[in-house]
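> Residues 478 to 763, numbered by the numbering used here, are exactly what the sequence shown covers, in order. Beta carbons: idealized from backbone N, C-alpha and C, even for Gly.
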Amino acid sequence: MNFFRRLGFDAARLFALLGIDAVNLIGVSKEERLRLCYSGIGWNESQYAAFKLACGALAGLGFVVLFSGLDLLYGLNAWLILLFIPCSLFGIIAAKMHIAGLAKKRERDVEANLLDALRHFASELKSGNSLVKALWEVGRGGYGTVSSLILEALVLVREGETVESAFREIGEKTPSQAFKTFAASIAHASSTGTNITGVVERFAEELEASKRAKLTIYANECSRLSTITIVLTGVLPGMMVFILVEGSFVFGFNVPTEFFLVSYLLVFPLAKYLLQARLALAGPGI
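#1: With 16 other CB atoms within 10 Å as the buried threshold, where does Tyr525 fall?
#2: Give the secondary structure of Lys507 by DSSP, where H, G and I count as helix, E and B as strand, and everything else as coil.
#3: According to DSSP, is Arg617 part of a helix, a strand, or is it coil?
#4: Between Leu612 and Thr674, is the Cβ-Cβ spacing less than 8 Å?
#5: Check whether the Cβ atoms of Gly568 and Leu535 sit closer than 8 Å, and answer yes or no.
#6: According to the neighbour-count rule (16 or more other Cβ atoms, all chains shown, within 10 Å of its Cβ), is Asn479 buried or exposed?
#7: Excluding sequence positions up to five away, which residues of its chain have a Cβ less than 6 Å from the Cβ of Leu756?
#8: Express the C-alpha separation of Met717 and Leu494 in angstroms, rounding to a whole number.
#9: Does the separation of the CB atoms of Thr639 and Asp586 fall below 8 Å?
#10: Can you look up Ile707 in the DSSP assignment and give me helix, strand or coil?
#11: Of the residues Phe528, Tyr515, Leu560, Leu484, which one's Cα is nearest the Cα of Gly504?
#12: Kindly indicate which three-state DSSP category Trp556 falls into: helix, strand or coil?
#13: DSSP state of Glu522, grouped into three classes?
#14: With DSSP collapsed to three states, give me the class of Asn672.
#15: Return helix, strand or coil for Lys650, following the three-state DSSP convention.
#16: Does the separation of the CB atoms of Ala661 and Ala643 fall below 8 Å?
#17: Have a look at Glu723 and Leu566 and give me their C-alpha separation to the nearest angstrom.
#18: So the alpha helix (DSSP H) Ile497 belongs to, where does it begin and stop?
#19: Select from Leu530, Ser545, Ser667 the residue whose C-alpha is nearest the C-alpha of Lys573.
#20: Decide if the stretch 591-601 is in contact with the stretch 539-556; the criterion is three or more beta carbon pairs, one per stretch, under 8 Å apart.
#21: Should Gly533 be labelled buried (16 or more other beta-carbon atoms within 10 Å of its own) or exposed?
#22: Going by alpha carbons, who is nearest to Lys582 out of Gly537, Cys699, Gly517?
#23: Helix, strand or coil: how does DSSP classify Thr622 here?
#24: Check each candidate in Val500, Ile576, Phe544 and name the one with the smallest Cα separation from Ile562.
#25: Hey, out of Leu742, Val744, Asn606, Leu592, whose CA is closest to Ala681's CA?
#26: Is the Cβ-Cβ distance between Thr710 and Phe745 less than 8 Å?
#27: Between Ser700, Gly546, Ile647, Glu522, which lies nearest to Glu509 when the distance is taken from Cα to Cα?
#28: Can you tell me whether DSSP reads Gly637 as helix, strand or coil?
#29: Roughly how many angstroms lie between the CA atoms of Ile627 and Val634, to the nearest whole one?
#30: Straight-line CA distance for Arg645 to Leu559?
Okay, structure coming up:
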């Protein structure tokens, strides 16, 4: 179990010991509930809310520790300690982005493996296997999240649900519209008894064309964000060094050293992190 997942469980356990429901302290929106479901992390709303609060507290505490060390070295202005508030807010935002990133990662994994899974599925149907048998072969075919979702649906079938209801339920556990369409096709074929081999093959062709279009869009987004990253992490820091060294001579005033410390230790790293997160979220399944 990774650190962040353990943090969510431990933070929720701490709030439970205190008799507090973290959801009452920091709300969980409908969009966040969907992302939580899509992420597959296995938290309920209370655990997710506790995770957000824990990340905010750790970010604020980290800034207080950093500020204390810098204050001993440089004698900073005391009012800068108030920056722990935006740092705590950033910790909460980072927690939200972590879950959004997990959801996007699963979606990309689905998009990356679905095309091969569809081809395998069509091949199994052509060889004469039944619908459930073909799904079982795809489920154990090593197609990442696609295989996991299919096996999860087949487990529901073994527990007594119909194939139709199982795949409609599984289709709601991923934001991938392609997989939702695939799950709906399985549900329809199961309820009507129709042969969907041709439908699956056509869908695979459409999915392949869609992936090529997404790659073009992603390349344009990469170009735009790369330019912004160069400005934030290269041009602006260089200009600030020039202002620090030559500011009094060229402009006739001195910029406080604290401004540079906060920018280099807090603003620029956070901006770079947000841009990298935005680029990761924009990435298509390949």
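Quick answer:
#1: Buried, by the Cβ-count rule.
#2: Three-state result, Lys507: helix.
#3: Coil at Arg617, not helix or strand.
#4: Going by C-beta atoms, Leu612 is not nearer than 8 Å to Thr674.
#5: With respect to Leu535, Gly568 sits close: the two C-beta atoms are nearer than 8 Å.
#6: Burial check for Asn479: the Cβ neighbour count within 10 Å stays below 16, so the residue is exposed.
#7: Cβ contact annotation for Leu756 (same chain, cutoff 6 Å, sequence separation greater than five): Leu702, in chain order.
#8: One C-alpha to the other measures close to 48 Å.
#9: Contact flag unset, no.
#10: Three-state result, Ile707: helix.
#11: Here the closest residue by C-alpha is Phe528.
#12: Note: Trp556 maps to helix in three-state DSSP.
#13: Helix at Glu522.
#14: Asn672: coil per DSSP, three-state reduction.
#15: Coil, per DSSP.
#16: In this structure, Ala643 does not lie closer than 8 Å to Ala661 by Cβ.
#17: Going by C-alpha positions, Glu723 is about 35 Å away from Leu566.
#18: Ile497: not part of any alpha helix (DSSP H); DSSP gives it neither H nor E.
#19: Out of Leu530, Ser545, Ser667, the CA that lies nearest to the CA of Lys573 is found in Leu530.
#20: The stretch 591-601 vs the stretch 539-556: no contact.
#21: Result: buried.
#22: Just measuring C-alpha positions, the residue of Gly537, Cys699, Gly517 sitting nearest Lys582 is Gly517.
#23: Here Thr622 carries a helix assignment [DSSP, helix/strand/coil].
#24: The candidate whose alpha carbon is nearest that of Ile562 is Phe544.
#25: Check the Cα spacing between Ala681 and each of Leu742, Val744, Asn606, Leu592: the tightest is with Leu592.
#26: Taking a C-beta distance under 8 Å as the contact criterion, Thr710 and Phe745 qualify as a contact pair.
#27: Looking at Ser700, Gly546, Ile647, Glu522, the one whose alpha-carbon comes closest to that of Glu509 is Glu522.
#28: In this structure, Gly637 counts as coil in the three-state DSSP scheme.
#29: One C-alpha to the other measures close to 11 Å.
#30: Near 50 Å, if we compare the C-alpha coordinates of Leu559 and Arg645.
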